[in-house]
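Asker: For the sequence shown, counting from 1, position 224 maps to 1354 in my numbering; every step adds exactly one. Ideal Cβ positions, reconstructed from N, Cα and C, are used throughout, including at glycine. Can you read through this structure? Questions will come right after.
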Amino acid sequence: MNRLLTLVVFLGAAGAAQAQFRMPNLDVNRMIDSAKNLGKATREINQEEEIAIGRDLAATLVGAAPLVADPRMQRYVNSVGRWIASQSERPDLPWQFGVLDAPQLNAFAVPGGTIFITRGLLDRMQSEAELAGVLGHEISHVVKKHHLKAIQKGAMTALAGDALSMAVQNKNAAANEKLVSFGKEMYARGLDKGDEFEADRVGVVYAARAGYDPYGLPSVLQTLQAINAQDSAVALMFKTHPAPGDRLDQLSEKMQPTLDAYSSQPNLADRFRAEFKPAK
Ligand SMILES: [Zn+2]
1131 MNRLLTLVVF LGAAGAAQAQ FRMPNLDVNR MIDSAKNLGK ATREINQEEE IAIGRDLAAT
1191 LVGAAPLVAD PRMQRYVNSV GRWIASQSER PDLPWQFGVL DAPQLNAFAV PGGTIFITRG
1251 LLDRMQSEAE LAGVLGHEIS HVVKKHHLKA IQKGAMTALA GDALSMAVQN KNAAANEKLV
1311 SFGKEMYARG LDKGDEFEAD RVGVVYAARA GYDPYGLPSV LQTLQAINAQ DSAVALMFKT
1371 HPAPGDRLDQ LSEKMQPTLD AYSSQPNLAD RFRAEFKPAK
């Protein structure tokens, strides 16, 4: 009797937490199942699950800033992004790109192929090759599953204490809540430096393959380097990424021997200016 009562109280609380977070529980539950299965044997999260996890995270993360209400700008960034993604090892993901109406300088990717860039960062760019470099970096995070792997690792730790309640029922809102807050925390804290350096290296290769001057990303990093690190517009970017100078140092080792040959490829500064009118 006591046990039944406990179960009823527990499920009641779980329902309230679910309503409060308004998360599409189905998808997060799949993620929990995946994490649980990982405890037994290492199972890869499949592509469908990856896309679902990304959709949940995107919904959570985008709440803070709306998309820019400019269909032409959104179309342009999507066409550049999809073209670069088509040069990657995962061309068939449902790639989509969104410009967030935020003055800060930032860009981020969620698993499954959704990528956001802020209007503040676009405002500082001079060419399509720079945009291609930044999108190439974010596309690399998705292709290399950097966030997905961090979520997999973190979910196992975060859910360890819930093993008992997980056994009661798969649809555990408290566990959902932990996963969502873990996801948010991961985006506030950033990935490992090694993942960021890898995304830079792979991103410039994608930009080069897509026909752009691969020096677009280094050019953006130079712009970032010139901004005072105390400036609130770059606070999150600087907190979640290695210092621009370190990224440039790492990249130059890669660029000089292999990518210099592509540096005569166009940067499409004119097209960028024609498509994108900075908000002044
Ligand atoms: Zn990154």
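May I ask you to check if the CB of E1383 is nearer than 7 angstroms to at least one heavy atom of ligand 1?
Answerer: Along the sequence shown, read from residue 1 onward, the residue named residue 1383 stands at position 253. For ligand 1, not one heavy atom lies less than 7 angstroms from the Cβ of E1383.
Asker: Can you say whether N1176 is buried or exposed, counting buried as having 16 or more other CB atoms within 10 angstroms of its CB?
Answerer: Taking the sequence shown and counting its residues from 1, the one referred to as residue 1176 is at position 46. Answer is exposed; the Cβ neighbour count stays below 16.
Asker: Is Q1299 helix, strand or coil by DSSP?
Answerer: By 1-based counting over the sequence shown, the position of residue 1299 is 169. In this prediction, Q1299 has a pLDDT of 34, which is less than 50 and means its spatial position is unreliable; nothing more can be read from the coordinates.
Asker: Identify, in the order they occur along the chain, each residue of the same chain with its Cβ nearer than 6 angstroms to the Cβ of K1314, setting aside the five sequence neighbours on each side.
Answerer: Counted from its first residue, the sequence shown places residue 1314 at position 184. Answer for K1314: no residue qualifies.
Asker: Does V1192 have its Cβ less than 8 angstroms from a Cβ in chain C?
Answerer: Of the chains in the structure shown, none is chain C; there is only one protein chain.
Asker: Pairing CB atoms from the region 1345 to 1356 with CB atoms from the region 1364 to 1382, are three or more of them under 8 angstroms?
Answerer: Contact holds: three or more Cβ-Cβ distances are below 8 angstroms.
Asker: Using the C-alpha atoms, what's the distance from R1212 back to S1277?
Answerer: Within the sequence shown, residue 1277 is the residue found at index 147, counting from 1. Within the sequence shown, residue 1212 is the residue found at index 82, counting from 1. Note that residue 1277 is His in the sequence shown, not Ser. Straight-line Cα distance between these residues: approximately 20 angstroms.
Asker: Does the contact criterion of 3 or more C-beta pairs under 8 angstroms hold for the region 1196 to 1204 versus the region 1227 to 1235?
Answerer: Touching, per the Cβ criterion.
Asker: Would you give the residue range spanned by the alpha helix (DSSP H) that F1327 belongs to?
Answerer: One-based indexing of the sequence shown puts residue 1327 at position 197. From DSSP, the alpha helix (DSSP H) with F1327 extends over 1323 to 1339.
Asker: If you draw a straight line from the C-alpha of P1221 to the C-alpha of F1227, how long is it?
Answerer: The count along the sequence shown starts at 1 and reaches residue 1221 at position 91. The count along the sequence shown starts at 1 and reaches residue 1227 at position 97. When rounded, the distance between both Cα atoms is 14 angstroms.
Asker: For E1178, count the other beta carbons within 10 Å of its own beta carbon; 16 or more makes it buried, fewer makes it exposed. Which is it?
Answerer: The residue labelled residue 1178 in the question sits at position 48 within the sequence shown. It is exposed - the Cβ of E1178 has fewer than 16 other Cβ atoms within 10 Å.
Asker: In three-state DSSP terms, what is A1195?
Answerer: In the sequence shown, residue 1195 corresponds to position 65, counting from 1. DSSP places A1195 in coil when its eight states are reduced to three.
Asker: Can you tell me whether DSSP reads I1247 as helix, strand or coil?
Answerer: Counting from one through the sequence shown, the residue named residue 1247 turns up at place 117. Note: I1247 maps to strand in three-state DSSP.
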